[in-house]
Amino acid sequence: MSVPSATMAFVPAPSPTVVDQTTLMKKYLQFVAALTDANTPDETKLKMMQEVSENFENVTSSPQYSTFLEHIIPRFLTFLQDGEVQFLQEKPTQQLRKLVLEIIHRIPTNEHLRPHTKNILSVMFRFLEIESEENVLICLRIIIELHKQFRPPISQEIHHFLDFVKQIYKELPKVVTRYFENPQVIAENTVPSPEMVGMITSVMVKTAPERDDSETRTHTIIPRGSLSLKVLAELPIIVVLMYQAIETALDCLKSANTEPYYRRQAWEVIKCFLVAMTSLDDNKHALYQLLSHPNFADKWIPNVIISHRYKAQDTPARRTFEQALTGAFMSAVIKDLRPSALPFVASLIRHYTMVAVAQQCGPFLLPSYQLGSQPSTAMFHSEENGSKGMDPLVLIDAIAICMAYEEKELCKIGEVALAVIFDVASIILGSKERACQLPLFSYIVERLCACCYEQAWYAKLGGVVSIKFLMERLPLIWVLQNQLTFLKALLFVMMDLTGEVSNGAVAMAKTTLEQLLVRCATPLKDEEKTEELLAAQDKSFHMVTHDLVREVTSPNSTVRKQAMHSLQVLAQVTGKSVTVIMEPHKEVLQDMVPPKKHLLRHQPANAQIGLMEGNTFCTTLQPRLFTMDLNVMEHKVFYQELLNLCEAEDAALMKLPCYKSLPSLVPLRIAALSEYFLLNLDIRPLQTKILNLEN
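Following the UniProt record's numbering, the numbering of the sequence shown begins with 1 at its first residue and continues without gaps.
Take a look at the structure:
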């Protein structure tokens, strides 16, 4: 292919309707090839590209368009990369560079362009840092359009871009101050570079005429894109696209069908994002001095309830951090990514934990954690009131997502993360007991127990696994302080999964609850007995027993039986009888053993069974917790209702609203008969009659 020479006269093309299409495409290919010819003046190149631009719609509709695109894209990118960046708007070179970028932006985003997307994006990302304002704005539009249309594979450029954005915002106060408070005076008849005047927007300067008969010349200096206010206004849009890249990367890691190459790419972009968003300004010596401060070992640790005001208020950014951390955890359990991801994740957890510890106690306690702080005080709203960065609690949210995920392999990395958090906090604060006083650990309990209340069985199982880990690894006094919260979460798992597919969640919840009760109720050894620990154990035992006693008459059979079993476990561990344990909470059952406020038949069927079995449990204890007295009207009514349940025909019972939906009356009759036996009446003839009715 011949390249037009520098002396070739430029002749505008006639209308494409009268020119052979093939000849026209060959001519435009020659024009594009001339871009990289050093002998062709920029003015001539500009006129050539203007013609290409004016007829570009005809080019895209040509049958040779695909071939044309394969030739022009490499030429365009070579020309842009090899050329010198210009900051004078009037220069033909700048006008030419701008026009070439505009043509690239006008290329239809269809399948013909897809193979070239990666190369175009690579150049556009690089130009964001070095090009002029005018050209950077076009580069941004190209990046946005290509990402929206093609969702290209994750690339290394994202790391550089996020670092670039971070640097722009970091330097912005200095740039604005320099421009507004200390502006430089432009010398007369000079055209300075943008950096010399610290420009953040275009500036017009005039120079004197070179001859007496010529006019004064006006020059428009374009600021560098990295200093431009216009570019700054456009950056949030593309940052959102980068956030979407994190979401795409997370989806790649979640899918079992993702190819290994794309998994590695997904891990790389997540790692780059987390590195770019991490502040590492402190040197090692300063960090060591801070964490060695005696206040960490001695000073009071605030007892606060974590709420939204302790979290970063930029919800989309926080969500992206959460996704990136979740993706990092997922990478750590994928076999081919584990060697790279696991050490990185461990370092990341240590970093976030150190930030949390430094914020929540020590010499530089954040204002929101200080004694007497007002609820309106926000941690992450402004520089005056708190940190400008991401709150470290996002780490706990990511761990909770992993524990609640369907792939239970993630529970292992979740446990590793919790262990690292606990160990790092213990080292800084001097003891395990002191580390557990951090508000961070209250939030851990809140988020991980919340898994038990989610709908999916695998989320509940993750919550149970978390409780088991915390109960086994953390100090006894902390477990005692949270025992009631753990108990309620485990009982909810049993209740909500009754009759549902649980894949072992209910069985594990039962086992974990029993282990929890045994650990907390076991009498302390002499060397363990401290006033604080004894008080915590007594308080926890009282609250847990109160809750278990209340569940003895629960309508849910699994919860009811577990509550009865748990009381027996406590009796065995403490060496006391069940009656002695339940006695302080007798008033909880006062209106239900036997029922006093409502008749038995006015309750739902499952509630009736719960009341009858609860009564049976309480009246079979030795010594008895309650005694039936038929001289008492409520007891007599209860006895009569039991008798009716035992004697009535099935057809008669099924007419009552509370029994219409029951598939079988057998469980109801068994509960009624069991309680009836305890009244020490001669019911053998009645028993025979009931059995005949059932047959």
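Where is the CB? At the ideal position from N, CA and C, for every residue including glycine.
Grab me the residues of residue i's own chain with a C-beta within less than 7 Å of its C-beta, minus the 5 sequence neighbours each way, in chain order.
i, result
"P92", "D42, E43, L46"
"E675", "M612, N615, T616, L642"
"E72", "A quick correction: the sequence has Ile, not Glu, at residue 72. These residues qualify, in order along the chain: V32."
"Q21", "S62"
"L630", "K636, Y639"
"R106", "F56"
"A521", "F541, L570, V573, T574"
"R338", "A332"
"G389", "S279"
"P595", "L611, F638"
Could you round the C-beta distance between residue i and residue j to whole angstroms and report it? I think they count as a contact, below 8 Å.
i, j, result
"Q86", "S132", "7 Å"
"F638", "M564", "With 8 Å as the limit, F638 and M564 do not qualify as a contact, their Cβ atoms being about 20 Å apart."
"N303", "G362", "Not a contact, Cβ separation roughly 16 Å."
"I396", "I428", "At roughly 17 Å, the Cβ-Cβ gap does not stay under 8 Å, so I396 and I428 are not in contact."
"A276", "D163", "5 Å"
"I104", "F76", "6 Å"
"V144", "L241", "The sequence shown places Ile at residue 144, not Val. Indeed they touch by this definition, with Cβ atoms about 6 Å apart."
"K311", "D391", "5 Å"
"residue 733", "I301", "Given that the chain is displayed from residue 1 to residue 695, the structure contains no residue 733 and the question cannot be resolved."
Under 6 Å Cβ to Cβ from residue i, same chain only, skipping five residues before and after it: list those, please.
i, result
"N110", "none"
"L491", "V559"
"I270", "A249, A324, G327, A328"
"Q537", "L480"
"H112", "S66, L69"
Between residue i and the rest of its own chain, which residues show a CB-CB distance below 8 Å, the 5 nearest in sequence each way excluded?
i, result
"E433", "P475, I477, W478"
"R350", "V420, V424"
"P555", "P604, N606, A607, I609, G610"
"V165", "L235, V239"
"E102", "S53, I138"
Taking the straight line between their C-alpha atoms, what separation do you get for residue i and residue j?
i, j, result
"S442", "V420", "16 Å"
"P439", "L69", "59 Å"
"E157", "T117", "13 Å"
"S661", "N606", "11 Å"
"M124", "G499", "58 Å"
"L80", "L290", "49 Å"
"V493", "A505", "8 Å"
"L229", "K98", "19 Å"
"E57", "P108", "10 Å"
"A398", "L448", "11 Å"
"T545", "L567", "7 Å"
"T278", "Y458", "32 Å"
"K576", "E528", "21 Å"
"P584", "F541", "11 Å"
"R114", "Y28", "22 Å"
"residue 727", "R151", "Because residue 727 is not part of the residues shown, which for the chain are 1 to 695, the question remains open."
"V588", "R624", "16 Å"
"T530", "A297", "20 Å"
"S431", "W267", "35 Å"
"S66", "I401", "46 Å"
"Y453", "L227", "50 Å"
"A358", "F364", "7 Å"
"S331", "I130", "34 Å"
"K170", "Q455", "43 Å"
"S255", "R264", "13 Å"
"V552", "K586", "12 Å"
"L418", "S466", "9 Å"
"Q30", "N257", "45 Å"
"A535", "D547", "19 Å"
"Q515", "K460", "18 Å"
"S426", "R319", "29 Å"
Opposite residue i in the DSSP bridges: which residues?
i, result
"S132", "R224"
"P595", "M592"
Can you find a heavy atom of the ligand MG that lies under 7 Å from the Cβ of residue i?
i, result
"L497", "As for the ligand MG, it is missing from this structure, which has no ligand bound."
Original post:
Counting only runs that start and end within the region 395-465, where is the alpha helix (DSSP H) found for 4 or more residues in a row?
Top reply: 410-429, 432-435, 439-450
**OP:** Enumerate, from N- to C-terminal direction, the unbroken alpha helix (DSSP H) stretches of 4 or more residues contained entirely within the region 534-618.
**Re:** 557-574, 578-582
**OP:** Mind listing, in chain order, the continuous alpha helix (DSSP H) runs of no fewer than 4 residues lying wholly within the region 468-507?
**Re:** 476-496
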